[in-house]
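**Q** So that we are looking at the same thing, I have put the structure below in structure tokens.
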Amino acid sequence: MARNLRWALLIVAVSSLVWTLEASEGDADPRYKSCVDQCQKTGCVGDNCFQHCKFSADGKAIDGPWYMQEPLYLRWKQWDCQSDCQYECMMAREEERKTNGERPTKYFGKWPLKHVYGIQEPVSVAFSALDLAIQFHGWVSYFILVYYNLPLQPNRKTYYEYNGLLHIYAVIVMNALFWSGVCHSRDVELTERLDYSSATVLAGFSLILAIFRSFSIQDQSAKIMVTAPILAVVATHILYLNFYHLDEGLHRKVLFGIGGVELVVWGLWAALTSHPSKWKLRAFFVASILTMCLRMLDFPPYKGYVDAHALWRAAGIPLSYLWWSFVRDDAVFRTTVLLKKAK
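Under mature numbering (1 follows the signal peptide of the UniProt record, and there is no 0), the residues of the sequence shown are numbered -23 to -1, 1 to 320, in order.
Right under this line is the structure:
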């Protein structure tokens, strides 16, 4: 009985802690809540009215006659009634706070960001798209290098032993950036799940790649010993997020944990290696640490658009360029070494 009571108290304590972490001052504000309730009844916040907030007697939304509806190519930016009301009330309340000399506050755990054509975080979306373009450019330039500018084996395979891993990495990182951009555009439960899952796969695979390259692991049994526990952690975390609890705080801790181990691996190799492009590896290591520190920052968005997350996304762009630059140098270095051994 006493044991069950302790467990019950623990669950209550944890639940209270989670509620405290997830609740925000903004969405708990009585004036904000009153605004949202009124908007959902009237369909208006001040002079802004939403046609899709009007309902018929049977509870179905009324979009109005055809001549009042926007064309299909413009209607994509429309949110549902509740989301539009929450956004307009948030902006109205923040304007009041600014007029009264008060600091911005968070709503549902996030800073108030201005939408652009229905895009929730336009600056983060732009930086994610640019980073994806840099990753694609780096992958294509690497592909051209190893298949057209470097010698190939008689069976038309590359001498560079990490070629297959890097192709897989390119697909995984571009997929993660794509879903990151989608989630920043429309932050709903489905896009969050896809974003978090993709980011977890990327973190796990990046760690595997770091260990394989840093320790020059070629033996298949050693590869399995490295890969199996990392894949187990990645799979468990993804299953937890998708089928138990979509916990942003836990997700961030897992990514920081995996990323921290990866940085230790790259850092050790960067300090000990005699690689001809070791300065790029060291620069990548230092820049990665600074970028991770930037990810930990948290401040109100500048002009309603640029927050710490957007800056973190921006910092990833030169990091991606530096990474693929090192990969190309590494491909040339390893191909030269293996060719000398073959002779």
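Glycine included, every Cβ here is placed at the ideal spot set by N, Cα and C.
Can you name the start and end residues of the alpha helix (DSSP H) that residue 191 belongs to?
**A** Residues 166 to 191.
**Q** Tell me, to the nearest whole angstrom, how far the beta carbon of residue 30 is from that of residue 61; I am working on the premise that it is less than 8 Å.
**A** Right, the Cβ-Cβ distance comes to about 7 Å (below 8 Å), so this counts as a contact.
**Q** Enumerate in chain order the residues of its own chain whose CB-to-CB distance from residue 21 is below 7 Å, with the five nearest sequence positions on each side excluded.
**A** The answer is none, since no qualifying residue turns up.
**Q** How is the alpha helix (DSSP H) around residue 124 delimited, first residue to last?
**A** Counting along the chain, residue 124 falls outside any alpha helix (DSSP H), and DSSP gives it neither H nor E.
**Q** Kindly provide the ranges of any alpha helix (DSSP H) runs that are 4 or more residues long and lie completely inside the stretch 197 to 243, ordered along the chain.
**A** Here the runs fully enclosed are 197 to 220.
**Q** What residue from 80, 89, 85 and 192 has the CA that sits closest to residue 68's CA?
**A** Per the Cα distances, 89.
**Q** From residue 206 to residue 230, what distance separates their C-alpha atoms?
**A** C-alpha separation (whole angstroms): 18 Å.
**Q** Could you have a look at residue 145 and say whether DSSP puts it in helix, strand or coil?
**A** Of the three classes helix, strand and coil, the one that applies to residue 145 here is helix, per DSSP.
**Q** Thinking C-beta only, is residue 305 closer than 8 Å to residue 122?
**A** Contact flag set, yes.
**Q** I'd like the list of long-range same chain contacts for residue 277, defined as Cβ closer than 6 Å, with 5 residues on each side in sequence excluded.
**A** Cβ neighbours of residue 277 beyond the five flanking positions: 81 and 88.
**Q** Is residue 184 closer than 8 Å to residue 142 when the C-beta atoms are compared?
**A** No, they are not a contact pair.
**Q** Which class does residue 77 belong to by DSSP, given the choice of helix, strand or coil?
**A** In the structure shown, residue 77 sits in coil (DSSP, three-state: anything other than H, G, I, E or B).
**Q** Taking 7 Å as the cut-off, is the C-beta of residue 219 nearer than that to any heavy atom in the ligand NAD?
**A** Looking at this structure, you won't find the ligand NAD or any other ligand, since it has none at all.
**Q** Going by C-alpha distance, which of 261, 284 and 154 is nearest residue 177?
**A** Here the closest residue by C-alpha is 154.
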